[in-house]
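Novice: Mind looking over this structure? Questions follow.
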Amino acid sequence: MQKPYRDFSEYFSAHFPYKVQKISLNAGCTCPNRDGSTGTGGCTYCNNRSFSPEYTARLKPIGEQMQEGMAFFAHKYPQMRYLAYFQSYTNTYGDRQALQAMYAAALAQPGVVGLVLGTRPDCMDEEWLRYFADLRERTHVFIEYGVESTLDRTLRRVNRGHTFSQAAESIRRTSEHGLPCGAHLIIGLPGESRDDFLHHIDELNNLPITSIKLHQLQILRGTIMGRDYMKDPAAFGLMTADDYLEIAVDLLRHMRPDLYVDRFVSQSPPDLILAPRWSIKNYIFTNKLVNTMLNRGYRQGDLYGK
Numbered sequence: 066m067q068k069p070y071r072d073f074s075e076y077f078s079a080h081f082p083y084k085v086q087k088i089s090l091n092a093g094c095t096c097p098n099r100d101g102s103t104g105t106g107g108c109t110y111c112n113n114r115s116f117s118p119e120y121t122a123r124l125k126p127i128g129e130q131m132q133e134g135m136a137f138f139a140h141k142y143p144q145m146r147y148l149a150y151f152q153s154y155t156n157t158y159g160d161r162q163a164l165q166a167m168y169a170a171a172l173a174q175p176g177v178v179g180l181v182l183g184t185r186p187d188c189m190d191e192e193w194l195r196y197f198a199d200l201r202e203r204t205h206v207f208i209e210y211g212v213e214s215t216l217d218r219t220l221r222r223v224n225r226g227h228t229f230s231q232a233a234e235s236i237r238r239t240s241e242h243g244l245p246c247g248a249h250l251i252i253g254l255p256g257e258s259r260d261d262f263l264h265h266i267d268e269l270n271n272l273p274i275t276s277i278k279l280h281q282l283q284i285l286r287g288t289i290m291g292r293d294y295m296k297d298p299a300a301f302g303l304m305t306a307d308d309y310l311e312i313a314v315d316l317l318r319h320m321r322p323d324l325y326v327d328r329f330v331s332q333s334p335p336d337l338i339l340a341p342r343w344s345i346k347n348y349i350f351t352n353k354l355v356n357t358m359l360n361r362g363y364r365q366g367d368l369y370g371k
């Protein structure tokens, strides 16, 4: 079925003549707003266990993590190739030589054809950009920036530790170095409305990004936001799955038509989720979104610039 938006799998198809799979890796990084460089306590919504697969739970050598991750998929797709996905925390924050050695160890594994790296926009300096631009001469490199919101008042409220202007500048400099990059947004952060969500898309439409990754706000155990929620649940205007679906459709319609969409929802481990507990699989939500758009005759970008 033809999707009414540019799925990120189309990006992979345009760059690789074979099926590729990202393998999540844990480099043992931290964040500048956890260790005191920018702040302490981390982002109020963040519990890193929510996006670290079991095979990265105990920090193992990167090569071993990569092998275990590939083994998970290899029996189903023997011809598959892999991308080393440095996902947890801020993967350009730490000892530069040690991190570069980990990237090299991942890329040295048979069948690995590129690197996807998640980081903060305030942790990508000129030296890193030159390094990744040089690396891209030899392998595929894609940078993911945690933008989360384009509103500084929200970024302050969730203790993000950087401004939107810093994110925009990092994205521009990344593009100037010939590196594709994506922006990650959390939809539903406290104090934000539908108009704010559309503002996020308008701002990102004007930046040289390749992809957008969306997901709903999840309030997790072991977080500052989780503790606040337990004290006063009524203070959080949480969306239902149907509410969020309508928002996601609206955002897609205002989104630049050439952008790839990496994801709409996130599924944290059930034991971590305080709210909202939708109990809906990612693919089921995506199928419902696709059918909703097709039934209404909507497409990505049909309201872009309007």
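66 is the number of the first residue of the sequence shown in the working numbering; add one for each residue after it.
Note that CB positions come from ideal geometry on N, CA and C, so glycine has one too.
Keep in mind the model is a prediction, meaning the values are calculated, not measured.
For Ala248, which beta-bridge partners are listed by DSSP?
Specialist: Partner(s): Tyr210, Ile277.
Novice: With C-beta atoms as the reference, is Arg328 less than 8 Å away from His265?
Specialist: no
Novice: Roughly how many angstroms lie between the CA atoms of Thr275 and Phe73, to the nearest whole one?
Specialist: 10 Å
Novice: DSSP puts Tyr150 in a beta bridge; with which residues?
Specialist: Ser89, Val181
Novice: Would you mind sorting Met320 into buried or exposed? The rule is 16 or more other CB atoms within 10 Å of its CB.
Specialist: buried
Novice: What's the C-alpha gap between Met189 and Gly287?
Specialist: 28 Å
Novice: Specify, as a first and last residue, the run of the beta strand (DSSP E) that Ile338 falls within.
Specialist: 338-340
Novice: Determine the direct distance from the alpha carbon of Gly93 to that of Leu386, and round the result to whole angstroms.
Specialist: Only positions 66 to 371 of the chain appear in the structure, and residue 386 is not among them; the question remains open.
Novice: So, under 8 Å CB-CB, Met290 and Thr103 are touching, yes? Tell me the CB distance rounded to an integer number of Å.
Specialist: Wrong, their Cβ atoms sit about 18 Å apart, outside the cutoff.
Novice: Using the Cβ count rule (16 or more neighbours within 10 Å means buried), how would you classify Pro186?
Specialist: buried
Novice: Suppose the cutoff is 8 Å on Cβ atoms and the five residues either side in sequence are ignored; what does the same chain contact list for Pro69 look like?
Specialist: Leu317, Val355, Met358, Leu359, Tyr363, Arg364, Gln365
Novice: Just to confirm the assignment: which complete beta strand (DSSP E) runs, minimum length 3, are found wholly within the segment 185-236?
Specialist: Runs found: 205-213.
Novice: Leaving out five residues on either side along the sequence, give the residues of the same chain with a beta carbon under 6 Å from the beta carbon of Leu170.
Specialist: In the sequence as displayed, the identity of residue 170 is Ala instead of Leu. Answer for Ala170: Ile127, Gly128, listed in chain order.
Novice: Can you determine whether any heavy atom of the ligand FAD sits closer than 7 Å to the C-beta of Ala248, and answer yes or no?
Specialist: Although the ligand FAD was asked about, the structure shown includes no ligands whatsoever.
Novice: Work out the CA separation of Ser240 and Met167 for me, nearest whole Å.
Specialist: 24 Å
Novice: I'd like the span of the beta strand (DSSP E) that includes Asp327, first residue to last.
Specialist: It spans 325-328 - the beta strand (DSSP E) in which Asp327 sits, taken as one unbroken run.
Novice: Check the C-beta distance from Glu257 over to Leu216 and give it rounded, since I have them as a contact under 8 Å.
Specialist: 7 Å
Novice: Less than 8 Å between the CB atoms is what I'm expecting for Tyr150 and Ser89, so what's the real figure, rounded?
Specialist: 5 Å
Novice: Under 8 Å Cβ to Cβ from His242, same chain only, skipping five residues before and after it: list those, please.
Specialist: Leu194, Arg195, Phe197, Ala198
Novice: Once you ignore the five residues that flank Pro255 on each side, which residues in its own chain have a CB closer than 7 Å to its CB?
Specialist: Excluding positions up to five away in sequence, the list reads Arg222, Phe301.
Novice: Spatial neighbours of Pro273 within its chain, please: CB distance less than 6 Å, with the 5 preceding and 5 following residues excluded, ordered by chain position.
Specialist: Ser240
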